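Asker: These protein sequence lines map, in sequence, to chains S and F. Numbering follows numbering that gives the first Met the number 0, with no gaps: position 106 of the first sequence is 105. Numbering follows numbering that gives the first Met the number 0, with no gaps: position 109 of the second sequence is 108.
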Amino acid sequence: MTGNRVSYTLDSTLDSVNTAEEAAEQLAAKAGFSEEECQKISMAVREAAVNAVLHGNAYDPNKKMTVSYENTGESLVVTIADQGRGLDPKDIPDPLAPENLLKQSGRGIFLMRSFMDEVRIRTLQPGTEFTLIKRRGPAAKTKEASK
Amino acid sequence: MTMKASTRQVNGVTVVDLSGRITLGEGSVILRDTVRDLVGKGSKKILLNLGDVTYIDSSGIGELVSAFTTVRNQGGELKLLNLTKKVHDLLQITKLYTVFDVKDDEATAVSSFK
Chain S
0 MTGNRVSYTL DSTLDSVNTA EEAAEQLAAK AGFSEEECQK ISMAVREAAV
50 NAVLHGNAYD PNKKMTVSYE NTGESLVVTI ADQGRGLDPK DIPDPLAPEN
100 LLKQSGRGIF LMRSFMDEVR IRTLQPGTEF TLIKRRGPAA KTKEASK
Chain F
0 MTMKASTRQV NGVTVVDLSG RITLGEGSVI LRDTVRDLVG KGSKKILLNL
50 GDVTYIDSSG IGELVSAFTT VRNQGGELKL LNLTKKVHDL LQITKLYTVF
100 DVKDDEATAV SSFK
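In structure tokens, the structure reads:
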């Protein structure tokens with residue numbers, strides 16, 4: 000799908016989270032990423048989708064999550080947006096700080112950053128948009144070219 | 000694959016065999032309910048066998064932390080057994096590997112409870 004962009008508009012449900020995750024894994028494999036990289040990409044997308052559905056849209060049936068996947072040739076770019084009240088990146092606590100280590104939540108964005116090469120957070124009116132970028136190494140490019 | 004949990008007793012320790020995905024929704028709820036039920040019944044030595052857990056997301060990690068603190072607050076101990084590489088790596092990057100007592104042999108794990 001080099002140069003192609005695929006977009007979905009999904010309801011604010013757990014099924015949509017699973018849909019976004021599964022599509023990410025399939026498209027990453029198609030783009031030539033290794034199995035381990037595909038799993039990291041799909042986990043990061045899952046975390047962003049959970050963030051959109053749970054924290055952003057709060058399961059509101061009137062609010063949608065949009066997910067788009069683009070293979071630029073150099074990287075896989077996944078954008079996940081919600082229509083919630085918005086998120087200030089400055090308010091995100093460090094889940095590795097000793098005082099936060101035993102907190103039940105707050106690790107999603109940290110995991111996205113751990114699994115992807117770049118994570119951008121943009122405030123929308125209304126909502127939040129996450130852009131997750133995984134750059135392709137030479138192995139992934141060769142793998143896709145041979146398909 | 001949905002999450003499944005079954006419990007058995009080994010020398011006074013409750014071993015919980017978990018399989019599938021511990022993720023937001025059903026997987027996290029099953030883990031939470033299982034641990035709360037055990038604590039409610041007075042179990043204070045709980046060993047979570049994660050050998051057949053294929054996937055954990057941040058909600059699942061949160062649920063493990065919550066289980067750990069719930070049992071500890073009741074004066075008990077909760078330990079983890081048989082981590083897959085994926086789960087091991089997740090606990091490493093979230094710095095939780097040193098918080099949990101992690102074992103890779105059931106007999107050793109069971110005998111390690113006070």
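No residue lacks a Cβ here, since even glycine has one placed at the ideal position from N, Cα and C. Only a predicted model underlies this, so the values are computations on that prediction, with no experimental measurement involved.
Any beta carbon from chain S within less than 8 Å of residue 68/F's own beta carbon?
Answerer: What you label residue 68/F is simply residue 69 of the second sequence in a count that begins at 1. Residue 68/F counts as touching chain S.
Asker: Label residue 117/S either buried or exposed according to how many other C-beta atoms from any shown protein chain fall within 10 Å of its C-beta, with 16 as the threshold for buried.
Answerer: Along the first sequence, one-based indexing puts residue 117/S at 118. By the neighbour-count rule (16 or more Cβ atoms within 10 Å), residue 117/S is not buried but exposed.
Asker: Which chain F residues sit within Cβ distance under 9 Å of residue 107/S?
Answerer: The count along the first sequence starts at 1 and reaches residue 107/S at position 108. Here the neighbours are 56, 57 and 58.
Asker: Could you check the C-alpha separation between residue 94/S and residue 91/F for me, to the nearest Å?
Answerer: Locating residue 94/S in the first sequence gives position 95, where the first residue counts as 1. Locating residue 91/F in the second sequence gives position 92, where the first residue counts as 1. Roughly 13 Å between the two C-alpha positions.
Asker: From the beta carbon of residue 78/F, is the nearest beta carbon of chain S less than 8 Å away?
Answerer: Working through the second sequence from its first residue, we reach residue 78/F at position 79. No, residue 78/F does not count as interfacial toward chain S.
Asker: Considering only C-alpha positions, which residue in the set 55/F, 6/F and 100/F is nearest to residue 118/F?
Answerer: In the structure as shown, chain F begins at 0 and stops at 113. Residue 118/F is therefore absent and cannot be evaluated.
Asker: Going along the stretch 77-107 of chain F in order, which residues come within less than 9 Å of chain S, judged by CB to CB distance?
Answerer: Answer set for the stretch 77-107 of chain F: 85, 89, 92, 93, 94, 95 and 98.
Asker: Does the beta-carbon distance from residue 49/S to residue 23/S come in below 8 Å?
Answerer: Residue 49/S sits at position 50 when you count from the first residue of the first sequence. Residue 23/S sits at position 24 when you count from the first residue of the first sequence. In this structure, residue 23/S does not lie closer than 8 Å to residue 49/S by Cβ.
Asker: Classify residue 72/F as buried or exposed, calling it buried when 16 or more other Cβ atoms lie within 10 Å of its own Cβ.
Answerer: On the second sequence, residue 72/F is found 73 positions in, with the first residue counted as 1. When all chains shown are included, residue 72/F counts as exposed.
Asker: Is residue 49/F close to chain S? Criterion is C-beta to C-beta, closer than 8 Å.
Answerer: Taking the first residue of the second sequence as 1, we reach residue 49/F at position 50. Not an interface residue.
Asker: Going straight from the alpha carbon of residue 33/S to that of residue 64/S, what length do you get?
Answerer: For the purposes of this step, residue 33/S is taken as residue 34 along the first sequence, with counting starting at 1. For the purposes of this step, residue 64/S is taken as residue 65 along the first sequence, with counting starting at 1. Spanning the two alpha carbons is a distance of roughly 27 Å.
Asker: Given that residue 23/F touches chain S, what residues does it touch there, using C-beta distances under 8 Å?
Answerer: The residue labelled residue 23/F in the question sits at position 24 within the second sequence. Within chain S, the residues near residue 23/F are 13, 16, 49 and 53.
Asker: Taking 8 Å as the CB-CB limit, is residue 74/F close to chain S?
Answerer: If you number the second sequence from 1, residue 74/F lands on position 75. False, the Cβ-Cβ gap to chain S never drops below 8 Å.
Asker: Return the residues of the stretch 78-108 of chain S that lie within a Cβ-Cβ distance of less than 7 Å from chain F, sorted by chain order.
Answerer: Per Cβ criterion, the list reads 94, 95, 100, 101, 103, 104, 106 and 107.
Asker: Take residue 82/S as the anchor and find which of 27/S, 125/S, 12/S and 30/S has the nearest alpha-carbon.
Answerer: Here residue 82/S is taken as the residue at index 83 of the first sequence, counted from 1. Among 27/S, 125/S, 12/S and 30/S, the Cα nearest to that of residue 82/S belongs to 125/S.
Asker: Of the choices 97/S, 88/S and 98/S, whose alpha-carbon is the least far from that of residue 154/S?
Answerer: The displayed coordinates of chain S run from 0 to 146. Any statement about residue 154/S would go beyond what the structure contains.
Asker: Do we get a CB-CB distance below 8 Å when we pair residue 113/S with the residues of chain F?
Answerer: Within the first sequence, the letter at position 114 stands for residue 113/S. Answer yes: the Cβ-Cβ gap between residue 113/S and chain F drops below 8 Å somewhere.
Asker: Using CA atoms only, rank isn't needed, just tell me which of 10/F, 93/F, 40/F and 104/F is closest to residue 49/F.
Answerer: Taking the first residue of the second sequence as 1, we reach residue 49/F at position 50. For the residues 10/F, 93/F, 40/F and 104/F, the minimum Cα distance to residue 49/F belongs to 104/F.
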